[in-house]
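Undergrad: Encoded as structure tokens, here's the structure I'll be asking about.
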Amino acid sequence: MASRNTLGLRSGDLVSVRSKEEILATLDKDGELDSLPFMPEMLPLCGGKFVVHKRADKTCDTIDNQGSRRMHDTVHLNMLRCDGSAHGGCGAGCLLYFKEEWLRRDDGAGDGRTPEAPARPAVGATESDLARACAQPTSTPDAPIIWRCQATRVKAASDPLAWWDVRQFVRDLSTGNASVRQMIRGFAFAGYRNFMGLGRGYRAKVALFNHWQALVGGIPFPWRLGSAEKTPRGDDLKLQPGDWVRVKSYEFILTTIDKNNKNRGLWFDAEMVKYCGKTYRVSEKVHRIIHEKFGHMIEFKNPPVILENVYCCGEMTRWRLFCPRAIHIYWRDIWLERVDPPPAAAGRMALSEELAGG
């Protein structure tokens, strides 16, 4: 499903998003190229200059949870995320995918390539086509809207990728997606996690891991099961964007989740352990997200929050090492505690207020 007009982009490359007219010409009537939608939320980015955050040569399967998927000629830019404005106010904030055919190099020397014909005959789409493709018509007036976006189409836009395919890790290194140090740490942890499942002595192995991590300033073993028979709710902190919080200790959080590592249906993931004990600012409260498998909107009865610069890094997740998708992490209030802004942040806030009042 790879398109032919590839740029061979690497992490850190400077690019421009092509004009709206150029991009629409690459799409079919469903607003897709290689089954990947170009969404209305991306139109304001046309003509802008951005830095390649990472190549999206692979991504995680959040539809059927079957590990990783292989993508082609696709990148993430500047941590640009979907704002959900054309998709019912979805608050998932997914990282946007950009096909290389929608971009041009912006390094002062031009592309250095002659544009080629698309991999299939260009049909062309309009802005109306993009808007229409966001939601499928309902069979009855009271039927839920079935939404369609890059996240719901990611499986159609990708191929299966076996976890043991070493070429993915070669690509991670050669494109700048991961460093040698990250590779060593990721593989070392994966090896120890597998060692944990061999023979007896689980508790001793956890204690050994935690002792070593305490010496080197690392995180405790992140694949432990919760102990709560009935998960507690905790106090409503009434958090708003801009509030500062500290993530509570992993040991405490284990008492708030059940043996499926969930608190009232919300999973506490191994990727979240690295953030325990640290201080962050609240970014948003998430009220609704699109179900990536079925397309309907999920409304949270108890909206969780997302924190600034806190996302899945693909370091601890089984079978999906170094996934660049950077999915937001959702936090229950019971896992957080309010704190005062750090001194540096408080100083910036005071200066902003002084300038605004000046």
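Each residue of the sequence shown is one higher than the one before, starting from 368 at the first, in the numbering used here.
Note that the Cβ used here is the ideal one computed from N, Cα and C, for glycine as well.
Going straight from the alpha carbon of residue 618 to that of residue 445, what length do you get?
TA: The alpha-carbon atoms of residue 618 and residue 445 are separated by roughly 35 Å.
Undergrad: If I'm right that residue 704 touches residue 560 with Cβ under 8 Å, what's the distance once you round it to whole angstroms?
TA: Not really, about 30 Å apart at Cβ, beyond 8 Å.
Undergrad: Would you please state the rounded distance, in angstroms, between the beta carbons of residue 415 and residue 386? I believe it to be under 8 Å.
TA: That belief does not hold up - the Cβ atoms of residue 415 and residue 386 are roughly 11 Å apart, past 8 Å.
Undergrad: Look up residue 561 in the DSSP assignment and say whether it is helix, strand or coil.
TA: helix
Undergrad: Pick helix, strand or coil for residue 503, following the three-state DSSP scheme.
TA: Correct three-state label for residue 503: strand.
Undergrad: How far does the alpha helix (DSSP H) with residue 578 in it extend, from its first residue to its last?
TA: 569-583
Undergrad: Using the Cα positions of residue 436 and residue 710, report the straight-line distance between them to the nearest angstrom.
TA: 43 Å
Undergrad: Would you mind listing the alpha helix (DSSP H) stretches within the region 378-425 that are 4+ residues and don't spill past its ends, in chain order?
TA: 387-391
Undergrad: Would you tell me roughly how many angstroms separate the C-alpha atoms of residue 521 and residue 556, rounded to the nearest one?
TA: 28 Å
Undergrad: Where residue 582 and residue 575 are concerned, what is the direct C-alpha to C-alpha distance, given to the nearest angstrom?
TA: 11 Å
Undergrad: Quick check on this structure: which residue in 643, 657, 459, 634 has the alpha carbon closest to the alpha carbon of residue 449?
TA: 459
Undergrad: If residue 698 sits next to residue 671, beta carbons under 8 Å apart, how far is it from one beta carbon to the other, in whole angstroms?
TA: 6 Å
Undergrad: Among 382, 395, 405, which residue has its Cα nearest to the Cα of residue 420?
TA: 382
Undergrad: Nearest to residue 646 by CA position, among 567, 615, 593, 622, is which residue?
TA: When the alpha-carbon of residue 646 is set against those of 567, 615, 593, 622, the nearest one is in 615.
Undergrad: Could you check if residue 424 is buried or exposed, using at least 16 other CB atoms within 10 Å of its CB as the buried criterion?
TA: buried
Undergrad: Does the pairing of the region 395-415 with the region 491-507 give three or more beta-carbon distances under 8 Å?
TA: yes
Undergrad: Kindly give me the distance between the Cβ atoms of residue 403 and residue 466, rounded to whole angstroms, as I take these residues to be in contact under 8 Å.
TA: 6 Å
Undergrad: Considering only DSSP beta bridges, list what residue 427 is partnered with.
TA: Residue 427 is bridged to 435.
Undergrad: In angstroms with no decimal places, state the Cα-to-Cα distance between residue 524 and residue 511.
TA: 25 Å
Undergrad: CB-CB under 8 Å to residue 664, same chain, minus the five flanking residues each way: which ones, in chain order?
TA: 455, 457, 511, 512, 514, 655, 656, 657, 658
Undergrad: Do you know offhand how far residue 598's Cα is from residue 624's?
TA: If I take the Cα positions, the gap works out to 6 Å.
Undergrad: Measuring CB to CB, does residue 573 end up less than 9 Å from residue 563?
TA: yes
Undergrad: Applying the 10 Å Cβ sphere with the 16-neighbour rule, what's the burial state of residue 464?
TA: Under this definition residue 464 is a buried residue.
Undergrad: Spell out the partners DSSP gives residue 465 in its beta bridges.
TA: 442
Undergrad: Express the C-alpha separation of residue 379 and residue 369 in angstroms, rounding to a whole number.
TA: Because the pLDDT at residue 369 is just 47, under 50, the model does not fix this residue reliably, and the point stays unresolved.
Undergrad: If we ignore side chains and look at the alpha-carbon of each, how far apart do residue 621 and residue 630 end up?
TA: 10 Å
Undergrad: Measure the CB-CB distance between residue 427 and residue 681 and report whether it falls below 9 Å.
TA: Residue 427 places its beta carbon less than 9 Å from that of residue 681.
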